[in-house]
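**Q** Have a look at this one before I ask anything.
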Amino acid sequence: MTRAGPRDDFRDRVAIVGVAESELGHLPHRTELQLHARAAKRALDDAGIAKSEVDGILSIGSARGVRFPSMQVAEYLGIVPSYSDSTSLGGCSFEAYVQHAAMAIAAGLCSVCLITYGSTQRTGGGSFGGGAEPWLPASQFEAPYGLPMMAGAYALAAQRHMHLYGTTREQLARVAVAARQWAAMNPLAFRREPITVEDVLASAPVSSPLHRLDCCLVTDGGGAVVVTSRERARDTAKAPVYLWGSAESHNQTSIGAMPELTVTPAAITGPRAFAGAGITPADIDVAQIYDSFTITVLMTLEDLGFCPKGEGGRFVGDGRIAPGGAFPMNTQGGGLSYTHPGMFGIFLITEAVRQLRGECGERQVAGARLALCHGTGGALSSGATLILGSEPR
Amino acid sequence: MSTPTPSPAKPLPIPNTETAPFWDAAREGRLLVQRCRACGEHIFYPRLLCPHCMSDALEWVETSGRGTVYSFTIVHKAPPGFRDEAPYAVGLVDLAEGPRLMTRILADDLDRISVGLPVEVSFTSAGGGIDLPVFRACS
Ligand SMILES: [Zn+2]
């Protein structure tokens with residue numbers, strides 16, 4: 163690996179030092195704030211950092227959950243921050259938060275950033291969109307047509323991808339089958355029983371061409387990540403994980419405003435993150451790709467440069483992404499089989515960090531030194547990429 | 400015996416000053432979009448400023464009502480308010496004038512809908528004084 167990227171930028175001043183989930187699954191006795199808090203406590207314990215040191219808070223909750231998330235979470239935890247961030251990019255907010263935390267720490271605004279998420283989407287409701295909000299364009303010009311959100315938006319992209327590139331439902335199904343194979347090795351995964359391509363094809367249709375098993379889970383749960391300065395990271399509980407590259411962007415909010423449905427914001431953030439890291443896709447040892455729907459993975463892999471545009475179906479079609487394959491991906495089981503409480507982005511980071519620390523037991527990717535996380539938010543609206551390393555860049 | 404729960408209402412557009420000309424014209428069977436007098440681009444959805452050049456010199460123009468299917472999906476698991484209509488086709492249509500809009504694609508046989516299908520507009524009453532533009536294959 164070469165170090166072709168710009169030297170000593172803000173990313174070189176920080177490290178990720180703590181990660182955790184809250185309880186996950188079906189949690190009718192939990193509130194969203196409790197899930198933020200449980201994950202926060204566990205992540206700080208994972209880092210070996212006291213709450214009193216936290217001076218940056220970056221939080222988001224479900225669409226109908228905690229309003230003013232960073233303020234509410236900080237109050238609940240008893241934190242008065244000097245840096246506060248609730249940037250709302252949907253499911254990829256957390257990858258963006260790592261970049262924001264790095265900027266804030268490098269700028270001297272704070273020294274320990276706590277990123278939190280919590281959602282009771284499974285037991286508390288909270289679907290996206292469709293309400294009477296006449297001031298929003300999609301409420302006037304999309305909601306009246308009955309597109310189920312978010313599945314319908316991704317279905318429109320999948321249909322177009324099939325039309326342009328000959329992608330098949332069987333190829334999409336491979337993504338769900340591989341996720342379930344990885345989940346079988348994760349005791350925390352919500353769904354662990356094996357499934358076949360035929361099971362995916364035969365599952366109930368949701369919004370063509372997507373069927374039930376092409377769609378992510380709906381669970382409760384939360385997660386947290388601790389980012390701090392390189393100096394503070396010298397004395398933490400576990401090996402720090404380093405930020406090699408990062409980028410964030412968005413195309414649009416509603417699916418009807420997306421310029422080309424088969425080209426995601428990863429086409430913008432991937433090349434920027436790789437250029438910043440000074441590496442190429444071939445250097446990545448383990449990838450965590452937001453799998454809100456099976457089609458999301460195919461298009462993201464293409465846009466990040468792991469395969470040519472339109473080749474995503476063939477790329478995943480030969481067991482490459484399954485355990486034992488050449489491209490270990492979504493090693494915790496992904497949003498399709500591990501957990502998906504409204505947004506999944508924080509769990510891309512927790513798994514990447516654990517893989518780089520070598521903590522993943524049966525599903526550990528041997529010798530993983532470089533990991534990529536790519537989050538996708540909204541209706542293929544936003545994207546954010548992180549490239550993380552077990553050693554400094 | 401459980402009491403039947405009333406089916407939830409369908410979301411209907413609530414016209415405001417920005418969108419009322421569109422919905423007023425729809426009631427007359429005309430499909431309008433905005434056009435920018437500064438840069439000439441056609442724009443949908445309606446807004447205060449042109450998203451291409453930021454000019455506020457926007458005018459309403461009537462479209463041909465013709466376009467092609469950019470993509471579509473057959474909805475089986477419909478959102479609240481639409482469940483008794485499923486299956487139905489929701490699509491994105493590229494108008495001949497340029498802008499893309501979400502709509503229903505009507506067809507006697509939903510299997511005949513395809514990407515690239517030429518379609519033309521008609522209007523269907525959605526209640527509450529709203530006529531929604533919908534599309535079907537050109538005759
Ligand atoms: Zn203009």
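If you read the sequences in order, they're chains Y and U.
Counting from 163, one number per residue, gives the positions in the first sequence under our numbering.
Counting from 400, one number per residue, gives the positions in the second sequence under our numbering.
Even glycine gets a Cβ: it sits at the ideal position worked out from N, Cα and C.
No experiment lies behind these values; they were computed from the predicted model shown.
1. For W344(Y), does the count of other Cβ atoms within 10 angstroms reach 16, so buried, or fall short, so exposed?
2. Identify the residues that DSSP records as bridge partners of H536(Y): which are they?
3. Would you kindly check if the distance between the Cβ of F506(Y) and the Cβ of G253(Y) is under 8 Å?
4. Out of G527(U), G490(U) and A525(U), which has the shortest C-alpha to C-alpha gap to P517(U)?
5. Is R226(Y) close to chain U, meaning its C-beta is less than 8 Å from at least one C-beta of that chain?
6. Measuring alpha carbon to alpha carbon, tell me which residue in P421(Y), N413(Y), R192(Y) and R353(Y) is nearest V492(U).
7. At the 8 Å Cβ level, is I430(U) part of the contact set with chain Y, yes or no?
8. The alpha helix (DSSP H) with S301(Y) in it runs from where to where?
9. Going by DSSP, which residues form a beta bridge with T502(U)?
10. Taking the straight line between their C-alpha atoms, what separation do you get for P410(U) and E215(Y)?
11. Are the C-beta of F522(U) and some C-beta of chain Y separated by less than 8 Å?
12. Terminal residues of the continuous alpha helix (DSSP H) containing A366(Y)?
13. In this structure, how does DSSP classify T523(U) when only helix, strand and coil are distinguished?
14. Would you call the region 359-371 of chain Y and the region 251-265 of chain Y touching, i.e. three or more CB-CB distances under 8 Å?
15. Check whether the Cβ of H412(Y) lies closer than 7 Å to any heavy atom of ligand 1, and answer yes or no.
16. Nearest to V459(Y) by alpha carbon, out of M311(Y), M312(Y), V368(Y) and A320(Y)?
17. Start and end of the beta strand (DSSP E) containing L334(Y)?
18. With a Cβ-Cβ cutoff of 8 Å, do A351(Y) and G504(Y) count as a contact?
19. Looking at the C-beta of A317(Y), does it have a partner C-beta in chain U at a distance below 8 Å?
20. Rounded to the nearest angstrom, what separates S544(Y) and S416(Y) at their Cα positions?
21. On a Cα-Cα basis, can you pick out the residue from E355(Y), R374(Y) and E304(Y) that is closest to L334(Y)?
22. With H, G and I counted as helix, E and B as strand and the rest as coil, what does DSSP make of L276(Y)?
23. Could you check whether the Cβ of G475(Y) sits closer than 8 Å to any Cβ belonging to chain U?
24. Check whether the Cβ of H451(U) sits closer than 7 Å to any heavy atom of ligand 1, and report yes or no.
25. Can you tell me the Cα-Cα spacing of V456(U) and R446(U), whole angstroms?
26. According to DSSP, which residues form a beta bridge with T467(U)?
27. DSSP three-state label for P231(Y), please.
28. Tell me the DSSP bridge mates of P532(U)?
29. Which value, in whole angstroms, describes the spacing of the CA atoms of D174(Y) and A401(Y)?
30. List, in chain order, every chain U residue whose beta-carbon is nearer than 7 Å to that of P367(Y).
31. Judging by CA-CA distance, which residue of C435(U), R511(U), F534(U) and V514(U) is the nearest neighbour of F522(U)?
32. How would you list, in chain order, the residues of chain U whose beta-carbon sits under 8 Å from the beta-carbon of P485(Y)?
33. Could you check whether the Cβ of E355(Y) sits closer than 8 Å to any Cβ belonging to chain U?
34. Return yes when the C-beta of E496(U) is under 7 Å from any heavy atom of ligand 1, and no when it is not.
35. Measure the alpha-carbon distance for P349(Y) versus R525(Y) and round it to whole angstroms.
36. Interface residues of chain Y around E503(U) at Cβ under 7 Å?
**A** With the structure as the only source:
1. buried
2. I451(Y) and T547(Y)
3. yes
4. G490(U)
5. no
6. P421(Y)
7. Checking the sequence, you will find Leu at residue 430(U) rather than Ile. Output row for L430(U): interface = no.
8. P299 to F303
9. G490(U)
10. 47 Å
11. no
12. Neither: A366(Y) is in no alpha helix (DSSP H) and is coded neither H nor E.
13. strand
14. no
15. no
16. A320(Y)
17. Here L334(Y) belongs to no beta strand (DSSP E); instead the alpha helix (DSSP H) covers R331 to A345.
18. no
19. yes
20. 11 Å
21. R374(Y)
22. strand
23. no
24. yes
25. According to the sequence as given, residue 456(U) is Ala; it is not Val. Each residue's Cα considered, the two are about 11 Å apart.
26. D493(U) and P517(U)
27. helix
28. F522(U)
29. 16 Å
30. H475
31. F534(U)
32. Simply none; closest approach about 31 Å.
33. no
34. no
35. 11 Å
36. Per the sequence presented here, residue 503(U) reads as Arg, with Glu not at that position. Simply Y307.
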